[in-house]
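Structure, as structure tokens:
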Amino acid sequence: MPAPAPLAMPAQMFDVAPAPDAPGGGARLTGRALALRLFVVGVTAALTAYGVREMYLTVAVGTVTYLQWALIALFSLNFSWIAFAFGASIVGFFVALRRVPPPPRPASLATRTAIAMPIYNEAPARVFGAVAAMREEVEATGLGAAFDWFWLSDTTDPDVFVAEEAAFLKLRAALGPDARLFYRHRPKNARRKAGNLEDFVSRHGAAYDHLLVLDADSLMSGAAIVALAGAMEADPKLGILQSPPLIVNRNTLFARVQQFAARVTGPVVAGGLAAWSGDDGNYWGHNAIIRMRAFAAHCGLPDLPGGPPFGGLVMSHDFVEAALIRRAGYAVRMAPATLGGSYEESPPTPLDLAQRDRRWAQGNLQHARVIGARGFALASRQHFATGIFGYVASPFWLLQLLLGMALALQSRFVRPEYFASDFALFPTWPRFDAARALSLFEVTMAVLLAPKLFGLLAALADAPTRRGCGGALALIGSTLVEIVASALLAPMMMLVQTGSVAGILLGRDAGWSAQ
Numbered sequence: 012m013p014a015p016a017p018l019a020m021p022a023q024m025f026d027v028a029p030a031p032d033a034p035g036g037g038a039r040l041t042g043r044a045l046a047l048r049l050f051v052v053g054v055t056a057a058l059t060a061y062g063v064r065e066m067y068l069t070v071a072v073g074t075v076t077y078l079q080w081a082l083i084a085l086f087s088l089n090f091s092w093i094a095f096a097f098g099a100s101i102v103g104f105f106v107a108l109r110r111v112p113p114p115p116r117p118a119s120l121a122t123r124t125a126i127a128m129p130i131y132n133e134a135p136a137r138v139f140g141a142v143a144a145m146r147e148e149v150e151a152t153g154l155g156a157a158f159d160w161f162w163l164s165d166t167t168d169p170d171v172f173v174a175e176e177a178a179f180l181k182l183r184a185a186l187g188p189d190a191r192l193f194y195r196h197r198p199k200n201a202r203r204k205a206g207n208l209e210d211f212v213s214r215h216g217a218a219y220d221h222l223l224v225l226d227a228d229s230l231m232s233g234a235a236i237v238a239l240a241g242a243m244e245a246d247p248k249l250g251i252l253q254s255p256p257l258i259v260n261r262n263t264l265f266a267r268v269q270q271f272a273a274r275v276t277g278p279v280v281a282g283g284l285a286a287w288s289g290d291d292g293n294y295w296g297h298n299a300i301i302r303m304r305a306f307a308a309h310c311g312l313p314d315l316p317g318g319p320p321f322g323g324l325v326m327s328h329d330f331v332e333a334a335l336i337r338r339a340g341y342a343v344r345m346a347p348a349t350l351g352g353s354y355e356e357s358p359p360t361p362l363d364l365a366q367r368d369r370r371w372a373q374g375n376l377q378h379a380r381v382i383g384a385r386g387f388a389l390a391s392r393q394h395f396a397t398g399i400f401g402y403v404a405s406p407f408w409l410l411q412l413l414l415g416m417a418l419a420l421q422s423r424f425v426r427p428e429y430f431a432s433d434f435a436l437f438p439t440w441p442r443f444d445a446a447r448a449l450s451l452f453e454v455t456m457a458v459l460l461a462p463k464l465f466g467l468l469a470a471l472a473d474a475p476t477r478r479g480c481g482g483a484l485a486l487i488g489s490t491l492v493e494i495v496a497s498a499l500l501a502p503m504m505m506l507v508q509t510g511s512v513a514g515i516l517l518g519r520d521a522g523w524s525a526q
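When the letters of the sequence shown are read in order and numbered with my numbering, they come out as residues 12 to 526.
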């Protein structure tokens with residue numbers, strides 16, 4: 012490791028908001044971002060009002076029963092979720108068509124950036140090969156002197172960390188002592204990934220202006236890396252700049268479907284999020300560059316009161332760090348999809364996805380403890396709320412299905428009470444307007460599938476993407492296959508996530524394991 016350059020990273024408080032210290036008055040809500048937020052909220056509210064009205068009229072043919080009221084309530088929650096995604100995807104569609112230019116590649120860099128890859132029981136060939144490839148591309152830009160490269164190992168398997176050290180020594184010997192490659196192994200992975208980065212910042216952070224965080228499965232092009240560093244150098248009030256990574260290197264059918272969806276629909280989703288978030292964006296924990304001193308001063312994470320799963324270590328630390336640095340006045344932005352050159356890998360099977368998803372579910376539900384912290388921007392709270400609802404939507408959906416089945420069974424097998432205590436010409440009985448129900452189903456499916464259609468249209472309009480997917484016909488066919496595969500996967504993930512949420516509410520800790 013290089014010589015120590017300590018930088019204090021104190022734990023922050025959620026019940027006290029510090030005074031913002033970003034230069035130039037800090038980040039501001041622009042008129043464009045405000046208008047887009049109002050548009051997304053307006054579309055969500057209008058669609059939800061329409062859907063709830065139609066659902067009420069569907070069941071209001073007769074007297075509305077308690078079960079039908081419960082069905083309306085659950086439908087309202089679930090429909091508002093897809094309505095919000097629909098509104099944001101409209102914005103993202105026009106962003107994708109307009110193709111916002113990426114940050115320019117700088118001719119020179121006056122700042123220094125540490126590029127850190129935290130690793131935990133990973134395959135050494137993968138992580139050392141990836142960093143070597145990225146470094147080679149950065150060196151080819153002529154700006155390599157502005158970057159130092161770090162493997163921050165929390166590996167607990169002795170065979171693996173011995174292999175890590177051997178790979179590091181071999182690579183450093185091949186590239187020479189001036190290659191600016193460094194390796195550190197912690198014997199205990201205290202506080203997991205967040206603690207790994209805090210340890211690095213507190214020991215060496217003062218030597219660097221920026222910190223570019225990678226995951227063990229990350230890849231970034233040299234052009235993307237230097238463009239991110241240049242954007243940070245050009246705007247001193249920018250705290251975090253998140254690149255939108257694409258999924259690569261997958262070969263199972265399940266993972267190829269995910270990879271295709273991320274490539275075609277992902278730019279629309281990411282573009283909409285970036286546009287309405289503005290300077291109040293989010294951070295996904297990797298493939299992002301961070302202003303070092305702002306991060307150290309404002310993003311130290313305290314342990315939450317109590318034990319896991321809702322207390323203790325903050326698991327999904329990235330959302331919280333984005334909210335904390337934004338609270339200090341620094342902007343958190345997403346780079347446009349046209350930046351390119353940012354990649355990650357995805358779980359190869361549904362079981363691998365379920366394992367990772369269980370940990371994410373715990374981290375997102377834990378955000379209910381911090382969503383009300385003092386000084387957070389409204390958009391930061393929205394990011395927390397979206398993450399939480401992304402998991403509780405599954406049990407809500409399951410309950411809605413169970414209620415629908417209960418109502419169907421009731422109308423089929425339970426005899427009506429013809430002689431109720433109150434005078435009535437007809438028995439109280441759950442009845443439905445079948446034609447209106449079918450119409451509402453069609454609208455719901457259209458709203459649900461619209462982001463995929465927008466992604467397809469944007470991909471067809473983009474010649475490199477269209478050619479890369481085999482042409483227009485292959486792109487359309489692949490989209491249809493992805494829709495069918497997603498429809499088959501959705502109820503599986505609903506049950507997996509419902510089980511995860513139930514386990515978390517029962518107090519079961521997900522732990523932390525390597526991918």
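Here a beta-carbon is modelled for each residue, glycine too, at the ideal position from N, C-alpha and C.
Check                                                                                                                                                                       : Outcome
Should Val403 go down as buried or exposed, given a rule of 16 or more other Cβ atoms within 10 Å for buried?                                                               : buried
Of all the alpha helix (DSSP H) runs that stay within the bounds of the segment 332-416, which reach a length of 4 or more residues?                                        : 361-377
Which residue or residues does DSSP assign as beta-bridge partners of Ser511?                                                                                               : According to DSSP, Ser511 bridges with nothing at all.
List the endpoints of the continuous beta strand (DSSP E) containing Asp159.                                                                                                : Phe158 to Ser164
Please report how far the alpha carbon of Gly233 lies from the alpha carbon of Leu414, in whole angstroms.                                                                  : 53 angstroms
For His328 versus Leu312, is the C-beta spacing smaller than 8 angstroms?                                                                                                   : yes
Look at Glu355 and Asp165 and say whether their C-beta atoms are less than 8 angstroms apart.                                                                               : no
Under DSSP, the alpha helix (DSSP H) around His297 begins and ends at which residues?                                                                                       : Per DSSP, His297 belongs to no alpha helix (DSSP H) and is neither H nor E.
What is the DSSP secondary structure of Phe193, reduced to helix, strand or coil?                                                                                           : strand
Out of Arg392, Ala46, Arg274 and Asp363, point me to the one whose CA is closest to Leu471's CA.                                                                            : Arg274
Mind pulling the beta strand (DSSP E) runs of 3 or more residues that sit fully within the segment 113-170?                                                                 : 124-130 and 158-164
Report all residues from its chain with a CB closer than 6 angstroms to the CB of Leu468; omit the five preceding and five following residues, and keep chain order.        : none
Just mark Ser450 as buried or exposed, buried being the case when its beta carbon has 16 or more other beta carbons within 10 Å.                                            : exposed
Contact defined as beta carbons within less than 8 angstroms: I believe Val52 pairs with Gly282. What is the distance between those atoms, to the nearest angstrom?         : Rounded, the Cβ-Cβ distance is 18 angstroms, inconsistent with contact.
Measuring alpha carbon to alpha carbon, tell me which residue in Val75, Leu486 and Leu364 is nearest Gln508.                                                                : Leu364
In chain order, what residues of the same chain have a beta carbon less than 7 angstroms from the beta carbon of Ile399, not counting five sequence neighbours either side? : Asn375, Leu376, His378 and Ala379
The alpha helix (DSSP H) spanning Val454 covers which residue range?                                                                                                        : Ala445 to Ala472
Return the residue from the list Ile130, Thr122 and Thr76 that minimises the CA-CA distance to Ala156.                                                                      : Thr122
Can you check the segment 188-241 for any alpha helix (DSSP H) of at least 4 residues that lies completely inside it and give the ranges in chain order?                    : 203-215
Which partner residues of Gln79 appear in the DSSP bridge assignment?                                                                                                       : Note: Gln79 sits in no beta bridge, so no partner.
Do Ile300 and Ala240 have their CB atoms nearer than 8 angstroms?                                                                                                           : yes
What are the boundary residues of the alpha helix (DSSP H) that includes Gly8?                                                                                              : No answer is possible for residue 8: it lies beyond the span of the chain, which begins at 12 and ends at 526.
Restricting to Cα atoms, I'd like to know which of Leu420, Ala498, His394 and Ser497 is closest to Phe95.                                                                   : His394
Among residues of its own chain, excluding the 5 on either side of Leu389, which ones have a beta-carbon nearer than 8 angstroms to its beta-carbon?                        : Asp291
Which residue from Ala417, Met345, Ala178 and Ala498 puts its Cα closest to that of Pro112?                                                                                 : Met345
For Gly311, does the three-state DSSP call read helix, strand or coil?                                                                                                      : strand
Given a cut-off of 8 angstroms, decide if Ser357 and Pro256 are closer than it, judged by their beta-carbon atoms.                                                          : no
Ala372: buried (16+ other C-beta within 10 angstroms of its C-beta) or exposed?                                                                                             : buried
Check whether the segment 207-226 touches the segment 80-87, counting contact only when three or more Cβ pairs, one atom from each stretch, lie closer than 8 angstroms.    : no
Nearest-angstrom Cα distance between Leu144 and Arg304?                                                                                                                     : Correcting the residue type first, residue 144 is Ala in the shown sequence and not Leu. Ala144 and Arg304: Cα-Cα distance of roughly 28 angstroms.
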